[in-house]
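All remarks here apply to the structure that follows.
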Amino acid sequence: MPSANRDQGTYDTADYQAADGRHHLHPFTDFKSLRSRGTRVITRAQGIYLWDSEGHKMLDAMAGLWCVNLGYGREELAQAAYTQMQALPYYNSFFQTTTQPAIKLAEKLAEVSPESLNHAFFTGSGSESNDTIIRMVRRYWQLLEQPQKTVIISRNNAYHGSTVAATSLGGMRYMHDQNSLAIEDFVHIDQPYWFGEGGGRPVEAFGLAVAQQLESKILELGVNRVAAFIAEPVQGAGGVIIPPASYWPEIQRICDHYGILLIADEVICGFGRLGAWFGSDHFGIRPDLMTIAKGLSSGYLPIGGVLVGDRVAGVLIDQGGEFAHGFTYSGHPTTAAVALKNLEILQREQIIETVAAQTAPYLEAAWGKLGEHPLVGEARSLGLLGAIELVKDKQSRIRFDDKGSAGALCRDICFDNGLVMRAVGDTMVISPPLVITTAEIDELVEKASRCLDKTLAAINDGKLS
Ligand code: PMP
4 MPSANRDQGT
14 YDTADYQAAD
24 GRHHLHPFTD
34 FKSLRSRGTR
44 VITRAQGIYL
54 WDSEGHKMLD
64 AMAGLWCVNL
74 GYGREELAQA
84 AYTQMQALPY
94 YNSFFQTTTQ
104 PAIKLAEKLA
114 EVSPESLNHA
124 FFTGSGSESN
134 DTIIRMVRRY
144 WQLLEQPQKT
154 VIISRNNAYH
164 GSTVAATSLG
174 GMRYMHDQNS
184 LAIEDFVHID
194 QPYWFGEGGG
204 RPVEAFGLAV
214 AQQLESKILE
224 LGVNRVAAFI
234 AEPVQGAGGV
244 IIPPASYWPE
254 IQRICDHYGI
264 LLIADEVICG
274 FGRLGAWFGS
284 DHFGIRPDLM
294 TIAKGLSSGY
304 LPIGGVLVGD
314 RVAGVLIDQG
324 GEFAHGFTYS
334 GHPTTAAVAL
344 KNLEILQREQ
354 IIETVAAQTA
364 PYLEAAWGKL
374 GEHPLVGEAR
384 SLGLLGAIEL
394 VKDKQSRIRF
404 DDKGSAGALC
414 RDICFDNGLV
424 MRAVGDTMVI
434 SPPLVITTAE
444 IDELVEKASR
454 CLDKTLAAIN
464 DGKLS
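When you number the sequence shown by our numbering, it's gap-free, plus one each residue, and the end is 468.
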């Protein structure tokens, strides 16, 4: 039954929650349990802070979903959308037409991305971008008369999106299992997750060994079957997994040696997150293709894309023939205008330079101190990505029995105490807006520390059982 408030157009929080429960299915959510717990209604935001419909203020240490890199409330971005919508809200680029913002954005991306990436294919999201890459990679090898090269090697626990193809490309087993989803020709090797899977081996030896799994897998499958390898420079949704220094050079060597295309999924690492334009710049990777989304528009409007290197673009363009792929919103002029303005602001305000020189080192020092907390087995960060591993026993690094329960408890305590951190199992992760100041980092870390204390107290009170 609609409430009286609804009839008058004056919803209070309870009305919103009730309507949400009745009509709205949320992503990656247990619908039943959400309905019983109710939702928090976020109503406004400014800088790095959010407010809910009850007036609670929260520090958003996740930049939304790893995307609001410029922070909230940027009027210039709203203005860019408004101006473009008045001139031309939408037009496509399918049939020998194009729009000015799409052209300028492609040109700007060629300027800021690594040297050999000179073409952009636009999409509406990260998942669509990875679907595009799968089709593009296969077409590339087809055009080179090697159509049997269809296998893409990815990593266990990788997240590359949640369309059918992107789910299979990713390595999250629980996602595959839900729909018997494991399309053929995507295979997975281990992730460079030293804390979770290093088993006490020296860090660099572990990094090298995990990278060498790529070589073993190529040899096992046969080079004539393998099309590409895909990975995030730093795994985000997998739990902010920062690879050992030995990892990426070995991956690059193997890809070069066997002529396998290297795909960097930069959906999270791109646009300054690691203190460089791209994660690939930070690690010295030379990808043939890059997946981009999120920070491309700071999340103000949905847009993604694929940056295509000369090796692939050369074949696709020179050989001719239609690439039968694209989306209604590929190169959408309004989203492109907002993304372009977003990139201009990143440059004008030297935001990436500030992350590299100031806020990332500051976060590393402050965040690292959380490693001393009795509940924390490791605190790590790179750029403005951070993670803390919650453990039952600090010395032996033994985890809690019911995997994910400590993380969920900590996340809820954070929410209730004005801090948005995300739990990936029992790993707490952060990815704050790139505009966060050192004073705001102090506040973030101080809040996180207090929430860890409260989590420990709750665990000692038996809240996990
Ligand atoms: N790749 C990576 C690395 C991601 O983190 C994400 C989203 N978290 C995606 C792809 C999928 O992006 P989207 O949700 O925009 O489809």
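Just so it is clear, CB atoms sit at the ideal spot from N, CA and C, and this is done for glycine as well.
- In this structure, DSSP gives Ser-130 a helical state, which the three-state scheme calls helix.
- In the pairwise beta carbon analysis, the segment 406–422 is classified as not touching the segment 357–366: fewer than three pairs are separated by under 8 Å.
- Linking Leu-62 to Leu-385 through their CA atoms gives a straight-line distance of about 20 Å.
- For the set His-29, Thr-42, Arg-47 and Asp-33, the Cα lying nearest the Cα of Asp-18 is the one of Thr-42.
- In the three-state scheme derived from DSSP, where H, G and I count as helix and E and B as strand, Gly-298 is classed as helix.
- Restricted to the segment 346–413, the alpha helix (DSSP H) segments that are unbroken, complete and at least 4 residues in length are 354–357 and 363–371, listed in chain order.
- With a contact defined as Cβ atoms closer than 8 Å, Gln-87 and Ala-340 qualify at about 4 Å.
- Around Leu-304, the same chain offers Ala-84, Thr-337, Thr-338 and Val-341 as residues with beta carbons nearer than 7 Å, after the five sequence neighbours per side are excluded.
- Judged by beta-carbon spacing, Leu-393 lies beyond the 7 Å limit of Leu-373, meaning their Cβ atoms are not closer than that value.
- In this structure, the CA atom of Gly-428 is about 10 Å from the CA atom of Ala-240.
- In the DSSP annotation of this structure, the continuous segment of the alpha helix (DSSP H) that includes Ser-283 starts and ends at 282–286.
- Annotation for Lys-220: no beta strand (DSSP E) segment contains it, though the alpha helix (DSSP H) segment containing it runs 206–224.
- Just so you know, the alpha carbons of Glu-356 and Asn-420 end up roughly 32 Å apart.
- Put simply, the backbone Cα of Asp-268 is about 5 Å away from that of Thr-294.
- Between Gly-282 and Gly-298, the CB-CB gap reaches or exceeds 7 Å.
- In the three-state reduction of the DSSP assignment, Ser-119 falls in the coil class.
- In this structure, DSSP gives Gln-82 a helical state, which the three-state scheme calls helix.
- Beta-bridge partners assigned by DSSP to His-191: Ser-157.
- The DSSP-derived three-state label of Ala-231 is strand.
- Annotated three-state conformation of Lys-466 is coil, per DSSP.
- Approximately 7 Å separates the beta-carbon atoms of Ser-434 and Arg-276; this is inside 8 Å, confirming the contact.
- In terms of Cα proximity to Leu-112, the closest of Val-309, Ala-451, Glu-131 and Gly-202 is Val-309.
- Three or more Cβ pairs drawn from the segment 253–264 and the segment 204–220 lie within less than 8 Å of each other, which places the two stretches in contact.
- Sixteen is the threshold: since fewer than 16 other Cβ atoms of the shown chains lie within 10 Å of the Cβ of Ile-320, the residue is exposed.
- Restricting attention to beta strand (DSSP E) runs no shorter than 3 residues, the segment 35–79 encloses them at 45–49, 52–55 and 60–63, ordered along the chain.
- Per the C-alpha coordinates, the member of Ala-426, Leu-264 and Ser-300 positioned closest to Val-270 is Ser-300.
- If the five residues before and after Ala-460 are omitted, its C-beta is found closer than 6 Å to no C-beta atom of its own chain.
- In the three-state reduction of the DSSP assignment, Thr-13 falls in the coil class, being assigned neither a helical nor a strand state.
- For Ile-254, the enclosing alpha helix (DSSP H) stretches over residues 250–261.
- Sequence-distant partners of Ile-221 (beyond 5 residues in either direction) whose C-beta falls short of 6 Å from its own C-beta, in its chain, are Val-229 and Tyr-261.
- About 5 Å separates the beta carbon of Ser-119 from that of Asp-313, a gap short enough to meet the 8 Å contact definition.
- In this structure, Trp-280 is the residue among Cys-417, Trp-280, Leu-387 and His-285 with its C-alpha nearest to the C-alpha of Gln-353.
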